[in-house]
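Report on one structure; see the data block that follows.
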Amino acid sequence: MRRRALLPVAAAGPPPAAADVVPEPADGFFHYEPPRPGTYVLHRIRRMPDGVLLDTLGRRVRLCEVVRGRIAFVSFAYTRCSDPQGCPLLLDRLFAVHEATRRDPELARNLAIVTISLDPAYDKPELLRAMEESVDRGGAPWRWLTAESEEALAPLLEAFGQPVLRTPGQIYHLLRVFLVDRQGWIREIYGLGFLDPRVLVNDVRTLLLEEGRG
1 MRRRALLPVA
11 AAGPPPAAAD
21 VVPEPADGFF
31 HYEPPRPGTY
41 VLHRIRRMPD
51 GVLLDTLGRR
61 VRLCEVVRGR
71 IAFVSFAYTR
81 CSDPQGCPLL
91 LDRLFAVHEA
101 TRRDPELARN
111 LAIVTISLDP
121 AYDKPELLRA
131 MEESVDRGGA
141 PWRWLTAESE
151 EALAPLLEAF
161 GQPVLRTPGQ
171 IYHLLRVFLV
181 DRQGWIREIY
191 GLGFLDPRVL
201 VNDVRTLLLE
211 EGRG
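Each residue of the sequence shown is one higher than the one before, starting from 1 at the first, in the numbering used here.
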């Protein structure tokens with residue numbers, strides 16, 4: 001979903017010094033040059049829904065507490081997903097964003113990546129802890145969360161507008177990533193066709209410029 005308005009180039013000011021630290025186009029899929037940070041506006045879409053989840057130590061946490069103080073990418077996935085155009089693709093694109101934060105201290109200080117499991121019956125905290133620990137400690141924090149049950153997760157999925165169809169051994173869901181600003185507003189919703197790591201990183205930098213941090 002693209003809710004952005006282009007600005008005149010002169011209004012954007014000089015490009016941030018770190019703007020040359022960008023991910024490569026994912027798998028050669030995106031054949032275009034994304035807009036420069038600050039040359040467009042990301043409008044507020046709606047407030048990020050909140051809910052109680054479990055962190056990788058099994059502690060109850062509120063989603064708003066996990067993202068507090070940072071710009072965040074919030075997504076939904078599950079570890080048993082085998083669809084190559086599903087969770088593996090999503091995580092690959094987010095990994096490219098995380099790699100960019102390892103090379104850019106400003107991004108690392110200001111961004112969080114949060115992935116919420118769609119499969120709480122299988123994705124227990126100890127399993128997701130291994131997922132967290134598999135990510136290099138450098139760069140932005142990447143938090144994995146789960147829920148106590150499918151029933152406990154359902155209201156949060158509905159509030160995010162994240163439809164899920166459960167069948168034996170399979171979970172079908174739309175691929176979506178939500179960009180949330182520091183004030184808790186969803187500023188962009190990315191589907192499969194817009195999961196370009198370069199765009200995601202530039203959108204974070206656009207929000208930093210909006211805050212006067214770029």
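All residues carry an ideal CB built from backbone N, CA and C; glycine is no exception. Only a predicted model underlies this, so the values are computations on that prediction, with no experimental measurement involved.
Open item on the list: DSSP three-state label for Ala77, please.
Closed with: Position 77 of the sequence shown holds residue 77. Secondary structure of Ala77 (DSSP, three-state): strand.
TODO: Could you say if the stretch 135–148 and the stretch 172–187 meet the contact criterion of at least three C-beta pairs nearer than 8 Å?
DONE: Not touching, per the Cβ criterion.
Task: Buried or exposed by the 16-neighbour rule on C-beta atoms within 10 Å, applied to Glu99 - done: What you label residue 99 is simply residue 99 of the sequence shown in a count that begins at 1. Per the 10 Å Cβ criterion, buried.
Task: Residue range of the beta strand (DSSP E) that includes Phe95 - done: As a first step, residue 95 must be located in the sequence shown, where it is residue number 95. Here Phe95 belongs to no beta strand (DSSP E); instead the alpha helix (DSSP H) covers 87–103.
Task: Simplified DSSP state of Ala10, which is helix, strand or coil - done: Along the sequence shown, read from residue 1 onward, the residue named residue 10 stands at position 10. Bear in mind that the predicted position of Ala10 carries a pLDDT of just 40, short of 50, making it unreliable; the figure below should be weighed with that in mind. Residue state, collapsed to three classes: helix.
Task: Boundaries of the beta strand (DSSP E) in which Glu188 is found, first to last residue - done: Residue 188 sits at position 188 when you count from the first residue of the sequence shown. Per DSSP, Glu188 belongs to the beta strand (DSSP E) from 185–190.
Task: Cβ contact (3+ pairs, closer than 8 Å) linking the stretch 126–144 and the stretch 152–168 - done: Two segments are said to touch when three or more pairs of C-beta atoms, one from each, lie closer than 8 Å; by this definition the stretch 126–144 does not touch the stretch 152–168.
Open item on the list: Helix, strand or coil for Ala112? Go by DSSP, reduced to three states.
Closed with: Stepping through the sequence shown from its first residue, residue 112 is reached at position 112. Secondary structure of Ala112 (DSSP, three-state): strand.
TODO: Tell me whether Tyr78 is buried or exposed, calling it buried when 16 or more other Cβ atoms sit within 10 Å of its Cβ.
DONE: Position 78 of the sequence shown, counted from the start, is the residue given in the question as residue 78. Buried, by the Cβ-count rule.
Open item on the list: Suppose you measure from the CA of Arg109 to the CA of Gly212; what does that come to, to the nearest Å?
Closed with: As a first step, residue 109 must be located in the sequence shown, where it is residue number 109. As a first step, residue 212 must be located in the sequence shown, where it is residue number 212. The alpha-carbon of Arg109 is positioned some 15 Å away from that of Gly212.
Open item on the list: Quick test of your reading: Ala121 and Ala72, contact by CB under 8 Å. State the CB separation rounded to the nearest angstrom.
Closed with: Counting from 1 along the sequence shown, the entry for residue 121 is found at position 121. Counting from 1 along the sequence shown, the entry for residue 72 is found at position 72. In this structure Ala121 is not in contact with Ala72, their Cβ atoms being roughly 26 Å apart against a cut-off of 8 Å.
Open item on the list: With a threshold of 8 Å on Cβ separation, who are the neighbours of Leu90 within its own chain once the five nearest residues in sequence on each side are excluded?
Closed with: For the purposes of this step, residue 90 is taken as residue 90 along the sequence shown, with counting starting at 1. The residues Ser75, Ala77, Leu175, Val177, Leu195, in chain order, have a CB closer than 8 Å to that of Leu90 in the same chain once the five nearest residues on each side in sequence are set aside.
Task: Gln170 - partner residues in DSSP beta bridges - done: As a working mapping, residue 170 is identified with position 170 in the sequence shown. Beta-bridge pairing links Gln170 to Thr167.
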